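As structure tokens, the structure follows; a few thoughts come after it.
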Amino acid sequence: MSPVPAAIEARALAKHFGATTAVDAISFAIATGSVTGLLGGNGAGKTTTIGMILGLIAPTSGAVSVFGVDMARDRYRVLGRMNFESPYVDMPHRLTVRQNLRVFGRLYGVENLSRRIDELAESLALGAFLDRPAGSLSAGQKTRVALAKALINEPELLLLDEPTASLDPDAADWVRSRLEDYRRRRGATILLASHNMGEVERLCERVIMLKEGRIVDDGSPRDLIARYGRESLEEVFLDVARGAEWRERSA
Amino acid sequence: MSGANPDFSLARVGAMVMRYLYLMRSSWPRLADLIYWPAVQMMTWGFLQTYIRAQSQAAGVSGRMAVAGGTLIGALLLWDTLFRAQLGFSVSFLEEMWSRNIGNLLISPLRPIELVAALMTMSVIRLAIGLVPVAFLAQWFFGFNLWGLGLGLVAFFVNLALTSWAIGLVVAGLVLRNGMGAEGIAWSILFFFLPFACVYYPVSALPEWLQGFAWCLPPTYVFEGLRAAIVAHAFRADLMLEALAINAGLLAAGGASFLALLRSARKAGSLLQMGE
Numbered sequence: 000m001s002p003v004p005a006a007i008e009a010r011a012l013a014k015h016f017g018a019t020t021a022v023d024a025i026s027f028a029i030a031t032g033s034v035t036g037l038l039g040g041n042g043a044g045k046t047t048t049i050g051m052i053l054g055l056i057a058p059t060s061g062a063v064s065v066f067g068v069d070m071a072r073d074r075y076r077v078l079g080r081m082n083f084e085s086p087y088v089d090m091p092h093r094l095t096v097r098q099n100l101r102v103f104g105r106l107y108g109v110e111n112l113s114r115r116i117d118e119l120a121e122s123l124a125l126g127a128f129l130d131r132p133a134g135s136l137s138a139g140q141k142t143r144v145a146l147a148k149a150l151i152n153e154p155e156l157l158l159l160d161e162p163t164a165s166l167d168p169d170a171a172d173w174v175r176s177r178l179e180d181y182r183r184r185r186g187a188t189i190l191l192a193s194h195n196m197g198e199v200e201r202l203c204e205r206v207i208m209l210k211e212g213r214i215v216d217d218g219s220p221r222d223l224i225a226r227y228g229r230e231s232l233e234e235v236f237l238d239v240a241r242g243a244e245w246r247e248r249s250a
Numbered sequence: 000m001s002g003a004n005p006d007f008s009l010a011r012v013g014a015m016v017m018r019y020l021y022l023m024r025s026s027w028p029r030l031a032d033l034i035y036w037p038a039v040q041m042m043t044w045g046f047l048q049t050y051i052r053a054q055s056q057a058a059g060v061s062g063r064m065a066v067a068g069g070t071l072i073g074a075l076l077l078w079d080t081l082f083r084a085q086l087g088f089s090v091s092f093l094e095e096m097w098s099r100n101i102g103n104l105l106i107s108p109l110r111p112i113e114l115v116a117a118l119m120t121m122s123v124i125r126l127a128i129g130l131v132p133v134a135f136l137a138q139w140f141f142g143f144n145l146w147g148l149g150l151g152l153v154a155f156f157v158n159l160a161l162t163s164w165a166i167g168l169v170v171a172g173l174v175l176r177n178g179m180g181a182e183g184i185a186w187s188i189l190f191f192f193l194p195f196a197c198v199y200y201p202v203s204a205l206p207e208w209l210q211g212f213a214w215c216l217p218p219t220y221v222f223e224g225l226r227a228a229i230v231a232h233a234f235r236a237d238l239m240l241e242a243l244a245i246n247a248g249l250l251a252a253g254g255a256s257f258l259a260l261l262r263s264a265r266k267a268g269s270l271l272q273m274g275e
């Protein structure tokens with residue numbers, strides 16, 4: 000029996016923008032069915048890494064494959080099995096939520112689309128605004144709609160970039176619960192970039208820590224907390240972000 | 000849950016066309032805008048033509064001026080065809096940029112060629128919405144029967160549409176590569192061709208050294224063909240075939256430019272954070 004390919008495999012993946020190194024030859028593999036967090040401060044290279052996984056950004060060197068498919072050469076073979084949510088992209092404001100979901104459902108070749116939209120409307124509580132223009136919704140409602148779009152094709156791989164940014168704690172908690180439900184039900188692989196340590200601790204079984212484009216640590220939240228001798232992932236994050244001097248001072 | 004992912008899917012093209020039709024349906028000002036300018040332009044030039052004709056009749060040169068007036072209205076409608084077809088393509092593409100939706104599309108199974116096919120379809124739909132009522136207005140107000148051009152009209156439309164799409168592809172690529180700073184090009188690029196494509200005057204009116212350049216532009220053949228149709232009542236198939244050949248080259252160059260600029264945008268990392 001051939002081994003199951005990693006959901007994502009990055010090999011010496013690098014991206015330079017002129018003289019700036021955004022991602023510096025990182026290598027990692029994400030196991031199928033796992034939830035992994037990409038953690039790092041602003042400019043650590045999280046979004047660039049996700050962009051390269053999606054094929055939106057061409058690596059300067061190295062390679063990334065999804066389900067064994069090279070994203071630089073063959074991404075259309077796997078794009079239908081993955082999806083993405085980010086505050087950096089939006090949906091047409093004048094279209095209603097239902098119209099947006101219909102369009103994306105057809106782009107992804109979703110069968111029984113009306114039923115799928117009904118399911119999403121129920122599980123993400125979209126019913127009250129399903130026929131309202133997407134641009135007229137509150138930040139929390141927009142996030143739920145973006146999540147519905149990201150789940151329309153029941154992706155095997157879900158990439159999330161700050162999925163709960165700009166949400167109040169209640170709405171953010173609600174979104175996390177839906178993500179946990181989806182992952183449990185579908186057995187999907189999730190890669191999550193976030194600044195929210197509570198979110199990462201709750202959702203992720205593995206955390207890859209990035210700083211200045213490099214992987215500086217990698218492990219389960221519990222292992223990382225133990226390794227740094229801290230009480231929370233937030234303290235670990237500060238240790239990594241501020242460096243050894245800070246670590247010694249604050250120990 | 001997702002179906003197969005063929006290299007070209009009419010269903011995905013249809014999904015994009017549906018997206019633009021939803022948008023059009025949601026906003027009556029967008030629809031009205033499609034008809035407004037062509038109608039205003041046609042009325043302005045039509046009344047000018049009527050005035051000149053009346054003055055010519057008074058001066059005893061009515062026959063020649065009536066023909067000149069006919070070519071003016073015809074040229075105006077065909078120029079608007081070229082302009083509206085390019086805008087129909089480019090504005091539909093810009094809608095994706097304005098709504099910050101391009102990232103969603105580029106990570107979906109939608110292929111660039113399918114997006115382009117949807118933009119071409121929208122260009123034809125927007126053109127029809129804008130120009131069909133205006134062509135009837137031209138007939139009603141000024142007695143200019145565009146439909147009377149028959150087969151020539153089809154050839155004119157096809158050639159102008161092909162040119163507009165080639166230009167639209169380059170504009171879309173430039174916006175992808177350079178962001179919304181390049182948006183203005185979509186509105187102004189076509190006017191560069193206005194003096195050289197000999198819309199309102201024959202190629203012979205240009206200085207000799209410019210005539211070679213004019214004959215490199217497919218619209219030049221269309222406008223010369225229009226004058227031949229109105230003045231000599233002849234359909235110049237030779238001109239249309241030459242325009243078609245140049246258009247084939249232009250479209251291939253436009254498609255190659257679009258793909259090259261898309262590749263360049265991926266390299267520059269500009270596709271994730273595009274918007275207004």
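Taken in sequence, the protein lines are chains A and B. Residue numbers for the first sequence follow numbering that gives the first Met the number 0, beginning at 0 and rising by one. Residue numbers for the second sequence follow numbering that gives the first Met the number 0, beginning at 0 and rising by one. Glycine included, C-beta positions come from ideal geometry on N, C-alpha and C. Model, not experiment: these values are computed from the prediction.
For residue 109 of chain A, there is no enclosing alpha helix (DSSP H), as DSSP marks it with neither H nor E.
According to the DSSP assignment, residue 146 of chain A belongs to the alpha helix (DSSP H) that extends over 138 to 150.
Burial state of residue 56 of chain B is exposed, judged by a 10 Å Cβ sphere holding fewer than 16 other Cβ atoms. Cβ neighbours of residue 40 of chain A within its own chain (closer than 6 Å, five residues either side excluded): 240.
Per the DSSP secondary-structure output, residue 217 of chain A pairs in a beta bridge with A:207. What residue 31 of chain A touches in chain B, judged by beta-carbon distance under 7 Å, is nothing: the nearest beta carbon there is about 17 Å away. Note that the stretch 11 to 30 of chain B does not touch the stretch 38 to 45 of chain B; fewer than 3 beta-carbon pairs, one per stretch, sit closer than 8 Å.
Neighbours of residue 116 of chain B in chain A, taken as residues at a C-beta separation under 9 Å, are lacking, since the least C-beta distance is about 13 Å. Taking the C-beta atoms as reference points, residue 198 of chain B is found no nearer than 8 Å to residue 84 of chain B.
Closer than 9 Å at the C-beta level to chain A, one finds these residues of the stretch 100 to 111 of chain B: 100, 101, 102, 103, 104, 105, 106, 107, 108, 109 and 110.
If you compare the alpha carbons of B:23, B:102, B:174 and B:152 with that of residue 125 of chain B, the shortest gap goes to B:23. The three-state secondary structure of residue 269 of chain B, taken from DSSP, is coil.
At a C-beta separation below 8 Å, residue 105 of chain A has these neighbours in chain B: 10, 11, 13, 14 and 17. The DSSP-derived three-state label of residue 16 of chain A is strand. Between residue 33 of chain B and residue 48 of chain B, the gap from beta carbon to beta carbon reaches 8 Å or more. Its Cα nearest to that of residue 55 of chain A, the residue A:14 stands out among A:42, A:14, A:18 and A:95. The shortest CA-to-CA distance from residue 95 of chain B to any of B:156, B:30 and B:19 is the one to B:19. Taking the beta carbon of residue 200 of chain B as reference, no residue of chain A falls within 9 Å; the closest one sits roughly 42 Å away. Around residue 173 of chain A, the same chain offers no residue with a beta carbon nearer than 8 Å, after the five sequence neighbours per side are excluded. Apart from the 5 residues on each side of it in sequence, residue 129 of chain A sits with its Cβ closer than 6 Å to the Cβ of 96, 97 and 120 in its chain, given in chain order. Beta-bridge pairing by DSSP links residue 9 of chain A to A:27 and A:63.
Rounded to whole angstroms, residue 255 of chain B and residue 65 of chain A show a C-alpha spacing of 28 Å.
The C-alpha of residue 31 of chain A lies about 23 Å from the C-alpha of residue 108 of chain A.
Residue 95 of chain A is bridged by DSSP to A:132. The three-state reading of DSSP puts residue 81 of chain A in strand, counting E and B together. When C-beta distances to chain A are compared with 7 Å, the residues of the stretch 17 to 45 of chain B below that value are 17, 18, 21, 22, 25 and 26, in chain order. Taking C-beta atoms as the reference points, residue 93 of chain A and residue 123 of chain A fail to come closer than 8 Å. Interface criterion not met: the Cβ of residue 176 of chain B is under 8 Å from no Cβ in chain A. For residue 16 of chain A, the chain B residues whose Cβ falls inside 8 Å of its Cβ are 267 and 268, in order along the chain.
Per DSSP, the unbroken beta strand (DSSP E) holding residue 189 of chain A starts and ends at 188 to 193.
Boundaries around residue 13 of chain B are those of the alpha helix (DSSP H), 9 to 24, since no beta strand (DSSP E) includes it. The Cβ-Cβ distance between residue 121 of chain B and residue 87 of chain B falls below 8 Å. Burial check for residue 226 of chain B: the Cβ neighbour count within 10 Å reaches 16 or more, so the residue is buried. Taking a C-beta distance under 8 Å as the contact criterion, residue 196 of chain A and residue 150 of chain A do not qualify as a contact pair. The C-beta of residue 91 of chain B comes no closer than 8 Å to any C-beta of chain A. For residue 37 of chain A, the uninterrupted beta strand (DSSP E) segment begins and ends at 34 to 38.
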